[in-house]
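Just so you know, the sequence shown maps onto residues 1 to 264 in the UniProt record's numbering.
Even glycine gets a Cβ: it sits at the ideal position worked out from N, Cα and C.
As the structure is a prediction and not an experimental result, all values here were calculated from the model.
One structure is given below, encoded as structure tokens.
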Amino acid sequence: MGFTEEQLEDPAYQLKTIVPQIVETLKPYEAEEGRKIPLIAGGGVYSGKDIHQTLSLGASAVQMATRFVATDECDADRRFKEAYVTCKKEDIGLIKSPVGMPGRAIRNSFITDSEEGKRPAFRCAWKCLASCKAQDANYCISIALNNARRGLLKSGFVFAGSNAYRIKKIVPVQTLVSELEGGYAKAVESKIARLLAKLETLKTEYVQTQQLMHELAKRYEEALLTMNNAAHSLKQQYTKAALKVETLRLGMAQTLASTSHLLA
1 MGFTEEQLED PAYQLKTIVP QIVETLKPYE AEEGRKIPLI AGGGVYSGKD IHQTLSLGAS
61 AVQMATRFVA TDECDADRRF KEAYVTCKKE DIGLIKSPVG MPGRAIRNSF ITDSEEGKRP
121 AFRCAWKCLA SCKAQDANYC ISIALNNARR GLLKSGFVFA GSNAYRIKKI VPVQTLVSEL
181 EGGYAKAVES KIARLLAKLE TLKTEYVQTQ QLMHELAKRY EEALLTMNNA AHSLKQQYTK
241 AALKVETLRL GMAQTLASTS HLLA
């Protein structure tokens, strides 16, 4: 699967996290090459809504596998496809692959037998993968997967995505693509509706704020006029008081002069 078992459950390795990171990582290389480098994202993409969400993260396209297994055009045996249709959520789990990486599969008797140490008779025809440890895993993954492809599920197992249990029937590719297109269109419409609702909210808030601004401006002008009137009144009172002070000062001076004259 390209990830360790711990990473598969780690939010830091989910599409919604790593796609934007990869988009940013690609930018210097795109600038250097002078062209767009397409990013194709895969893993858990099941519906048209999932496609829309993944593309919204910055991916150029998506890769889907699980959905297209359960189609008439898939060349796997029908029993292989029906394993997707009949499985339950709890049937899908992680297994340890002979090549050293975890895989997600529909658990069956073949898998449980291998985990219990039971092994079918097999001979490694060719060491096709350097990291493969078929003897430790009790089976050859190449033989097991080929048997499953042929519908021999007692001698193999079916790899599947985490959403395989959601598939309810085998359909033509055209039907599946139409469903995905419809789901994508619905997701776009939903996003547009949310944006329009947000726009309407912002518009309402804008109008209310604009009205408040006009009201505050009016009140400010009224307050300023009141302040001007008050200032004019204070100025008149100050001038009157100043004149009175000057009159009193002159009176005091005259009185002192008269007193001095009398004392002389």
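Residue i and residue j closer than 8 Å at C-beta
i    : j    : result
I111 : F159 : no
A59  : A41  : yes
Y165 : K49  : no
T71  : V173 : yes
T66  : G161 : yes
Y84  : V69  : yes
A187 : H52  : yes
Residue i - DSSP class collapsed to helix/strand/coil
i    : result
K89  : helix
L55  : helix
A177 : The sequence given here places Val at residue 177; Ala does not occur at that position. Helix at V177.
G3   : The sequence shown places Phe at residue 3, not Gly. In this structure, F3 counts as coil in the three-state DSSP scheme.
F68  : helix
A61  : strand
L94  : strand
F159 : strand
V245 : helix
V207 : helix
V99  : coil
V188 : helix
Rounded C-alpha distance that separates residue i from residue j
i    : j    : result
E200 : Y184 : 24 Å
N147 : E189 : 44 Å
R79  : G151 : 5 Å
M1   : A31  : Any answer about M1 is weak, because its pLDDT of 48 lies below 50 and its placement is not dependable; what the coordinates show is given next. Rounded to the nearest angstrom, the two C-alpha atoms are 31 Å apart.
A76  : L153 : 12 Å
V19  : N108 : 33 Å
Q14  : Q21  : 11 Å
A130 : E5   : 20 Å
S142 : R119 : 14 Å
T209 : N229 : 30 Å
K168 : K81  : 11 Å
E179 : Y46  : 11 Å
A223 : T247 : 36 Å
V23  : L94  : 29 Å
L225 : Y238 : 20 Å
Range covered by the beta strand (DSSP E) that runs through residue i
i    : result
R104 : P102 to I106
A41  : I40 to G42
Opening and closing residue of the alpha helix (DSSP H) in which residue i lies
i    : result
A148 : I141 to R149
Q21  : L15 to E33
S131 : First-last for S131: undefined, no H or E at that position.
D113 : S109 to E115
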